[in-house]
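Residue numbers (the working numbering): 418 to 498. Glycine included, each C-beta is placed from N, C-alpha and C at the ideal position. A quick note: this is a predicted structure, and the numbers were derived from the prediction, not measured. Accompanying notes for the structure given below.
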């Protein structure tokens, strides 16, 4: 069964974990533009989580990520499988 492919733009913020003064840790905002196989926000996050970590060059245990906005641009076709 073929699945639809959606273009999504995700705005997120992240901050480093493990600092002594966590409240004063700098919050960094960023954006990722990619494709996902679902319109559900939880499935989109699970699908692009590794791409976010690759983009910010951090490991999952080193940062806290908070999704601010998920913009689904539209449907760009279907998978071949």
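- For residue 423, there is no enclosing alpha helix (DSSP H); the enclosing beta strand (DSSP E) covers residues 421–433.
- In this structure residue 446 is exposed. Its beta-carbon is surrounded by fewer than 16 other beta-carbon atoms within 10 angstroms.
- Leaving aside the five residues that flank residue 483 on each side, the residues in its chain whose CB is nearer than 8 Å to its CB run, in chain order, 429, 430, 431.
- For residue 491, the beta-bridge partners assigned by DSSP are 424.
- Following the DSSP letters along the chain, one finds residue 459 inside the alpha helix (DSSP H) bounded by residues 458–473.
- One alpha carbon belongs to residue 475, the other to residue 444, and they sit about 14 Å apart.
- A straight line joining the alpha-carbon of residue 434 with that of residue 459 spans about 22 Å.
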